[in-house]
Structures are given as C-alpha cells and as structure tokens.
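*Asks:* For this note's numbering, add 396 to where a residue sits in the sequence shown, where the first one is 1.
We put the beta carbon where it would ideally sit given N, CA and C, even for glycine.
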Amino acid sequence: MRRNKSKRGIQYGYEAQRWTMHIEKDIKIVDLGLHIKAKKMLVISDVHIGYEGELHRKGMLIPKFLYRDIVDRVGQMILQTNPGTIIITGDLKHEFGRISEQEWRDVLRFIDFLAKQAKKIVLIKGNHDAILAPIARKRQVKVVDHYGFTLNGKKVYICHGDAIPVNQAFRSSDIIIIGHEHPAVSIKDGVRSEKFKCFLKGNWKNRLLLALPSLNLAHEGTDLLAGRLLSPFLQGNISNFEVYVANLPEPLHFGKLKNLHG
C-alpha cells in the first residue's frame, strides 16, 4: 500500500471516512471516535494493543501490521479533528495479568505518537489495564479512573464502563461516555450477514449515555442483537437506544435497536 505523509508528519495508508455525523449537540462521530470540537477533544476506546498476540497463541493467523493499521486510523481522525486532548476510555492494552513484550513496545510507541499530535493524553483505566501504569509512567502519563468536563452547561463523565462508579462526579453528571462493550450489530441481507461496529446513544437513568466501539480492527465487537452484553450500563432494556454504524464509508444512523431485530 502506498503510504502518504500529512502536514502534521503523520504517515498513513488508510483512507479514512471524510464524513462526520452529530450524535449529540457538539459531539460528532469521526470514524471510530468522538470529536468534541468545543473542547478540542478526540475520544477513542478499547485499542487492545497486544490482542493479535493472543490470537497467534490460539493458532489464528492474522496480519502482523495491525498496530500500523490502528495508527493509520487514529492518524486520520487526528487530521480531521486537530485535537488538543486525546482521551482513551480504557483498555489501551490487552493482556490481563502481564505485560507482553509487544505491549511494552507498541503501547510506548502509541503514546509517543499521540504525544506528537496533542498537548494532553488522558488514559482511563479499563479492566484490561490493571498493570498499564508501569508503561504509562515511562512517558509521565497518569492512568485515571475517569475524566470529566462541562459542555454547554452539562457535566460530562467519561469512564471505561465495566463498573458503575459511585463518586459524586458521576452522580452529578448529565452525559456519560463509555467503552468496554465493543458494540456492533449484525445486519442480514438474505442468507448473508455482516457485522458492523457501532455507537450507541440512549437514556440511562435520566442521563444521556454514549457507548463507543472498539478501535481494534481485529475485534468485530459484541453483537447487540444477540442480547449477551457485558457492561452494567447496558444490562437493562436498551431497545430504544439509537444505533450509529461506524465502519462504513460514512457513519449512518440506523435508528432504534429494537427496529433492527429480524
């Protein structure tokens, strides 16, 4: 693949979506991330660096350029959004109880890449990030449990989504942004079925909840229509949640989840 170089010094071979879509006022879908322009923020989720190592151990053969593809994808999002802050909502690395050689190498490379593109990097701790801190310390980046700010008078709370927080910042929030679930939907066309990464938007206890898809390109995601969901935020009735499919030439609003069954 022919690689190009942008004015920001980003080399890339992936041709990103040129289209964006508002999922909420002042919050746009940009490929697999969310752009909050008023705050100059780019939010991405569930990178799972090291995932291909697990697949290789299971005997599954996948190309070894997955990391390069992730950087390409994020690089294009950065070119479109010009963020001052990049937020990862958890699971930057994949291995649970150890740090693999690949994770040491590629997580540091990824942080270095992001640091060249934005003034601030926020690493939110995910359930796969129990021992992410030793890597992050090498680059003087803190791993935090959540991140919050105010947008148009509303309090935004970003966390991983594997547990319901109990702190005051969460209780007083108006908008919650999570990862963890890796939401996706399978769409059937006759006998053919294809799974698409997607964003979710819905009401959670009278607050707006936004769930991001996984950035890892080797993981298709959790099929929301199969009904076996991971996040405690999504254990209730989410049939009225809105689905926004991400990994198409442009983001598409598919309507309510309940209308996609059958």
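1) Taking C-alpha atoms, which residue in Trp600, Ile495 and Ser627 lies nearest to Glu638?
2) Taking Leu660 as the reference, which of Ile573, Ile531 and Thr546 has the closest Cα?
3) Quick test of the definition: if touching needs 3 or more C-beta pairs under 8 Å, does the stretch 555-569 touch the stretch 460-479?
4) Looking at the secondary structure, which residues open and close the alpha helix (DSSP H) in which Leu462 lies?
5) Determine the extent of the beta strand (DSSP E) in which Ile526 is found, giving its start and end residues.
6) Report back the beta-carbon spacing between Ala607 and Glu646 to the nearest angstrom; my notes put them in contact at under 8 Å.
7) Using beta-carbon positions only, say whether Leu593 and Asn643 come within less than 7 Å of one another.
8) Go ahead and pull the three-state DSSP assignment for Lys550.
9) Is the separation between the beta-carbon of His444 and that of Asp508 shorter than 7 Å?
10) Once DSSP output is grouped into helix, strand and coil, what is the label at Tyr408?
*Replies:* Judging by the given coordinates:
1) Locating residue 638 in the sequence shown gives position 242, where the first residue counts as 1. When each option's Cα is compared against that of Glu638, the closest is Trp600.
2) As displayed, the chain neither begins before 397 nor continues past 658, which places residue 660 out of reach and without an answer.
3) no
4) Here residue 462 corresponds to residue number 66 of the sequence shown, with the count starting at 1. Looking at the DSSP string, the run of the alpha helix (DSSP H) that includes Leu462 is Leu462 to Thr477.
5) Within the sequence shown, numbered from 1, the residue matching residue 526 stands at position 130. Note that residue 526 is Ala in the sequence shown here, rather than Ile. That residue, Ala526, is in no beta strand (DSSP E); it is neither H nor E in DSSP.
6) The residue given as residue 607 occupies position 211 in the sequence shown. The residue given as residue 646 occupies position 250 in the sequence shown. In fact, because the Cβ distance is near 20 Å, the residues do not count as touching under 8 Å.
7) For the purposes of this step, residue 593 is taken as the residue at position 197 of the sequence shown. For the purposes of this step, residue 643 is taken as the residue at position 247 of the sequence shown. What sits at residue 593 in the sequence shown is Lys, not Leu. For Lys593 and Asn643, yes; Cβs fall inside 7 Å.
8) Here residue 550 corresponds to residue number 154 of the sequence shown, with the count starting at 1. It is a strand residue.
9) Working through the sequence shown from its first residue, we reach residue 444 at position 48. Working through the sequence shown from its first residue, we reach residue 508 at position 112. No, the Cβ-Cβ distance between His444 and Asp508 is not below 7 Å.
10) For the purposes of this step, residue 408 is taken as residue 12 along the sequence shown, with counting starting at 1. At Tyr408, the pLDDT of 46 sits below 50, so the modelled position is not reliable; the number obtained from the coordinates is stated separately. Correct three-state label for Tyr408: strand.
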